[in-house]
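A.B. asks: Chains as they are written, first to last, in the working numbering: chain A, 15 to 196; chain B, 4 to 283.
Using N, Cα and C, we set each Cβ at its ideal position, and we do this for glycine too.
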Ligand code: SF4
């Protein structure tokens, strides 16, 4: 099935999505990868405020290449999500609703997805030029010193993703691979 | 002695970095096209089409194929009749990387220390493998390597008794574990024999071979074909979302080894298997 959804996410909307669905996201999302996750997690441990409000939001695991003159961003494909597995359950419990990355997730992340009615989308790894074009605005909003790993706010229009783990915990990486495995 | 100046080398490397990030070699383009025709999974086909559109946009609008423009890995073959003038060879290469990654708007993905993790800001240093060969040419191959796939690579020190079956098992297990993380369809580079670092080096070097071209050793060619078929039976598929095209090619290099050993290294590369060769 193909769906169009808004970001930040609306719980009723994501509850109807199933692993394997093709989804176009329009709205505001945030980027954070390894270093930003570590820093946000440490801030949370210290009881400090996080630089972004996680409520209902989607984090795209992505560190772009620099933007050329006149463009909002450079190449912008997903990075491997499992490196964020250590931090994701906490952020989901704090209200984050969606993640975009590539690759399998840990059982702890899956449990946190189900517990919170959240969702994990896969973007196609190595399709950074296409994904660059759906990003209409990009602004660094925190951790500027991290360069490509800084937290950015993005405005995306019809960003193509696939539901990898739905709110019930169905995992496309397990389902689809079994179907074609000989 | 033939003289080649550092300035010339730097200039050339700068261009190679920018080219590799935006254009795949014709052999990679062809094999991706064939993959789309072979794939039977509808979602897999759609993803392979997306990868082709991506390549087109990358070249047209000069947006890197992938945001991970890699760590710059070089294989240099320096003719022993060549005299490099005006500085050090490695400095010239690093200067080319610095300029290419800055002027080409490529991502700087290198940290100065594996544990303190501060970005060097210019994607240097490169990883440089140099061989001295007969002749008066300098042949430079750049293979920028993304770490989604690099992280899924493995080396195993098998015992001689494990034999060819052991080698097959290591290759298949590595690809299966890599799954979606390595951005399939992948190119699988394998080094069998030598010692610990020689096996790893062969596995990486194998990725720079013309994609889909087989080894000249008959039994190795057979092994490459068998492994490609078995890998594609794993069902991982494009982007790991299921399908019949998990790998585009398997390239195996071999080398004599010790009576007590059978090293096997598997270096996985994603569909963005970028490499450029220039001879000066
Ligand atoms: S594995 Fe390759 S295609 Fe995937 S993100 Fe890394 S460099 Fe890009």
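Are the region 45-52 of chain B and the region 240-248 of chain B touching by the rule of at least three beta carbon pairs closer than 8 Å?
C.D. replies: These segments touch.
A.B. asks: Rounded to the nearest angstrom, what separates residue 205 of chain B and residue 4 of chain B at their Cα positions?
C.D. replies: One C-alpha to the other measures close to 30 Å.
A.B. asks: Which residues in the same chain as residue 128 of chain B place their Cβ atom closer than 6 Å to its Cβ, once the five residues preceding and following it in sequence are excluded?
C.D. replies: Correct list, in chain order: 97.
A.B. asks: Mind checking whether the beta-carbon of residue 69 of chain B lies closer than 7 Å to any heavy atom of the ligand SF4?
C.D. replies: Within the cutoff, so yes.
A.B. asks: For residue 181 of chain B, which residues of its own chain have a beta-carbon under 6 Å away from its beta-carbon, when the five flanking residues on both sides are left out?
C.D. replies: Excluding residues within five positions, the ones whose Cβ falls inside 6 Å are 155, 271.
A.B. asks: In this structure, does DSSP put residue 220 of chain B in helix, strand or coil?
C.D. replies: It is coil, neither helix nor strand.
A.B. asks: Using CA atoms only, rank isn't needed, just tell me which of B:13, B:159, B:249, B:146 is closest to residue 25 of chain B.
C.D. replies: Among B:13, B:159, B:249, B:146, the Cα nearest to that of residue 25 of chain B belongs to B:146.
A.B. asks: Can you name the residues of chain A whose CB is closer than 8 Å to the CB of residue 65 of chain B?
C.D. replies: By Cβ distance, chain A contributes 82.
A.B. asks: In chain A, which residues lie with their C-beta within 8 Å of the C-beta of residue 108 of chain B?
C.D. replies: In chain order: 79, 80, 81, 82, 88.
A.B. asks: Please find out if some non-hydrogen atom of the ligand SF4 comes closer than 7 Å to the beta-carbon of residue 15 of chain B.
C.D. replies: Checking the Cβ of residue 15 of chain B against the ligand SF4 gives no.
A.B. asks: I'd like to know whether the C-beta of residue 274 of chain B is nearer than 8 Å to at least one C-beta of chain A.
C.D. replies: So yes, residue 274 of chain B belongs to the interface.
A.B. asks: Please classify residue 199 of chain B as buried or exposed, where buried requires at least 16 neighbouring CB atoms within 10 angstroms.
C.D. replies: Label assigned to residue 199 of chain B: exposed.
A.B. asks: If the criterion is Cβ atoms closer than 8 Å, does the pair residue 174 of chain B and residue 230 of chain B meet it?
C.D. replies: In contact: residue 174 of chain B and residue 230 of chain B (Cβ atoms closer than 8 Å).
A.B. asks: Can you tell which of A:51, A:70, A:192, A:160 has the C-alpha that lies nearest to the C-alpha of residue 114 of chain B?
C.D. replies: Of the listed residues, the one whose Cα sits closest to residue 114 of chain B is A:160.
A.B. asks: Just to confirm, is the Cβ distance from residue 30 of chain B to residue 213 of chain B under 8 Å?
C.D. replies: Closer than 8 Å, so yes.
A.B. asks: Please look up how many angstroms separate the CB atoms of residue 266 of chain B and residue 197 of chain B, rounded, as I've assumed it's under 8 Å.
C.D. replies: Right, their Cβ atoms sit about 6 Å apart.
A.B. asks: Please state if the CB of residue 53 of chain B and the CB of residue 144 of chain A are separated by a distance shorter than 8 Å.
C.D. replies: It is a contact, given that the beta carbons lie within the stated cut-off.
A.B. asks: Apart from the five residues just before and just after residue 67 of chain B, which ones in its own chain have a Cβ nearer than 7 Å to its Cβ?
C.D. replies: Closer than 7 Å at the Cβ level, and outside the excluded window around residue 67 of chain B, lie 24, 25, 61, 109.
A.B. asks: Give me the Cβ distance between residue 136 of chain B and residue 93 of chain B, rounded to the nearest whole Å; I'm assuming they're in contact under 8 Å.
C.D. replies: Not quite, the Cβ-Cβ distance comes to about 17 Å (not below 8 Å), so this is no contact.
A.B. asks: Which of the residues in the region 54-79 of chain A, read from start to end, lie with their CB under 9 Å from any CB of chain B?
C.D. replies: The residues in question are 76, 77, 78, 79.
A.B. asks: Quick one: Cα of residue 235 of chain B to Cα of residue 193 of chain B, how far?
C.D. replies: Going from the Cα of residue 235 of chain B to the Cα of residue 193 of chain B covers about 16 Å.
A.B. asks: In chain A, what lies closer than 8 Å to residue 236 of chain B by C-beta?
C.D. replies: Neighbours of residue 236 of chain B on chain A, chain order: 195, 196.
A.B. asks: Verify the contact flag: residue 149 of chain B, CB atom, against every heavy atom of the ligand SF4, threshold strictly below 7 Å.
C.D. replies: Within the cutoff, so yes.
A.B. asks: Per the DSSP calculation, residue 13 of chain B is bridged to which residue(s)?
C.D. replies: DSSP output for residue 13 of chain B lists no bridge partner at all.
A.B. asks: Evaluate residue 134 of chain B with the Cβ neighbour count: other Cβ atoms within 10 Å of its Cβ, from every protein chain shown; 16 or more gives buried, anything less gives exposed.
C.D. replies: With fewer than 16 Cβ atoms within 10 Å of its Cβ, residue 134 of chain B is classed as exposed.
A.B. asks: Do you know offhand how far residue 81 of chain A's Cα is from residue 27 of chain B's?
C.D. replies: Roughly 21 Å between the two C-alpha positions.
A.B. asks: So with Cβ pairs under 8 Å, would you call residue 242 of chain B a contact of chain A?
C.D. replies: At least one chain A Cβ lies under 8 Å of residue 242 of chain B.
A.B. asks: Below 8 Å, how does it come out for the region 54-61 of chain A and the region 117-130 of chain A: are there three or more Cβ pairs, yes or no?
C.D. replies: No: fewer than three Cβ pairs fall under 8 Å.
A.B. asks: Leaving out the 5 sequence neighbours to the left and right, which residues in its chain are closer than 8 Å to residue 172 of chain A when beta-carbon positions are compared?
C.D. replies: Here the set comprises 18, 38, 39, 40, 148.
A.B. asks: What is the DSSP secondary structure of residue 63 of chain A, reduced to helix, strand or coil?
C.D. replies: Residue 63 of chain A: coil per DSSP, three-state reduction.
A.B. asks: Chain A partners of residue 61 of chain B, CB-CB under 7 Å?
C.D. replies: Chain A residues near residue 61 of chain B: 143.
A.B. asks: Can you find a C-beta in chain B that's less than 8 Å from the C-beta of residue 32 of chain A?
C.D. replies: No - not a single Cβ of chain B is within 8 Å of the one on residue 32 of chain A.
A.B. asks: How far does the alpha helix (DSSP H) with residue 208 of chain B in it extend, from its first residue to its last?
C.D. replies: Looking at the DSSP string, the run of the alpha helix (DSSP H) that includes residue 208 of chain B is 199-209.
A.B. asks: Going by the CB atoms, is the gap between residue 24 of chain A and residue 168 of chain A shorter than 8 Å?
C.D. replies: Going by C-beta atoms, residue 168 of chain A is not nearer than 8 Å to residue 24 of chain A.
A.B. asks: Quick one: complete alpha helix (DSSP H) runs, 4+ long, within the region 79-110 of chain B?
C.D. replies: As far as the region 79-110 of chain B is concerned, its whole alpha helix (DSSP H) runs of at least 4 residues are 92-106.
A.B. asks: To test your reading of the DSSP string, which unbroken beta strand (DSSP E) runs of 3 or more residues are found completely within the region 18-46 of chain B?
C.D. replies: If we require 3 residues or more, the region 18-46 of chain B turns out to have no beta strand (DSSP E) run fully inside it.
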